[in-house]
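**Student:** The numbering of the sequence shown is numbering that gives the first Met the number 0, which starts it at 0 and goes up by one.
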Amino acid sequence: MNGGTVYGIVAAALFLAACSHLQGREAAYLDEVKGRATQAEIKQELGSPKSVRQGEAGETIWVYELWEQQSGNRLTAPGMWCEEYRLIFDATGLFRRWRQLSHFHGGELMPTECIPEDQTLK
0 MNGGTVYGIV AAALFLAACS HLQGREAAYL DEVKGRATQA EIKQELGSPK
50 SVRQGEAGET IWVYELWEQQ SGNRLTAPGM WCEEYRLIFD ATGLFRRWRQ
100 LSHFHGGELM PTECIPEDQT LK
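1) Please identify the residue among S47, I60, Y63, M79 whose C-alpha is closest to the C-alpha of Q69.
2) Spatial neighbours of I114 within its chain, please: C-beta separation below 6 Å, excluding the five flanking residues on both sides.
3) Can you tell me which of the three DSSP states E40 falls into?
4) Tell me the DSSP secondary structure of E58 in three-state form.
5) Nearest to E40 by alpha carbon, out of H104, G106, F94, T111?
6) Is P48 near W61, with beta carbons less than 7 Å apart?
7) Please determine, among V32, L29, Q38, the residue with the shortest C-alpha to C-alpha distance to F88.
8) If L45 and E25 are in contact, beta carbons under 8 Å, what's the gap, nearest whole angstrom?
9) Could you tell me which residues DSSP pairs with E82 in its beta bridges?
10) In or out: A90 buried (at least 16 other Cβ within 10 Å) or exposed?
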């Protein structure tokens, strides 16, 4: 391999590593308080969840949605990005874990659901 190829591979690897560490404010907060925050503390920081439901094992699941409009360009259609955060609390109300799902609604500016049902099962 020549020097240009090696530098290109290293640059691409560094770029991908940097992108994997970028987190939004919400994700950074959830990582910080996992295992020690209560429902009241999270509600104070993030506000009321969009929905609350009970899991099969007795845990409580809170769902938050964050929407952002993306204008189109030559390569992408305009649409809406949605980030869904699912927070899991144990029976005592302690925050245990969370999951983030993302979906781009290309061509849609007023989607009715954040994450299409077929993607929630993945």
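Think of the CB as a built atom: it goes at the ideal place given N, C-alpha and C, for glycine as much as any other residue.
Predicted model only: the values in this text are computed from it and were never measured.
**Tutor:** The relevant details are as follows:
1) In the sequence shown, the residue the question calls residue 69 occupies position 70. Ranking S47, I60, Y63, M79 by Cα distance to Q69 puts M79 first.
2) Within the sequence shown, the letter at position 115 stands for residue 114. Answer for I114: E83, L100, H102, listed in chain order.
3) Sequence index remark: in the sequence shown, residue 40 carries index 41 (1-based). Under the three-state reduction of DSSP output, E40 falls in the helix class.
4) The count along the sequence shown starts at 1 and reaches residue 58 at position 59. E58 carries a coil assignment under DSSP once its states are collapsed to helix, strand and coil.
5) Residue numbering aside, residue 40 sits at position 41 when the sequence shown is read from its first letter. That would be F94, whose Cα lies nearest to the Cα of E40.
6) Residue mapping note: residue 48 aligns to position 49 of the sequence shown, counting from 1. Residue mapping note: residue 61 aligns to position 62 of the sequence shown, counting from 1. Closer than 7 Å, so yes.
7) Within the sequence shown, the letter at position 89 stands for residue 88. Among V32, L29, Q38, the Cα nearest to that of F88 is on Q38.
8) Start at 1 with the first residue of the sequence shown, and residue 45 comes out as number 46. Start at 1 with the first residue of the sequence shown, and residue 25 comes out as number 26. Indeed, because the Cβ distance is near 6 Å, the residues count as touching under 8 Å.
9) Position 83 of the sequence shown holds residue 82. Bridge partners of E82: L65, S101.
10) On the sequence shown, residue 90 is found 91 positions in, with the first residue counted as 1. Per the 10 Å Cβ criterion, exposed.
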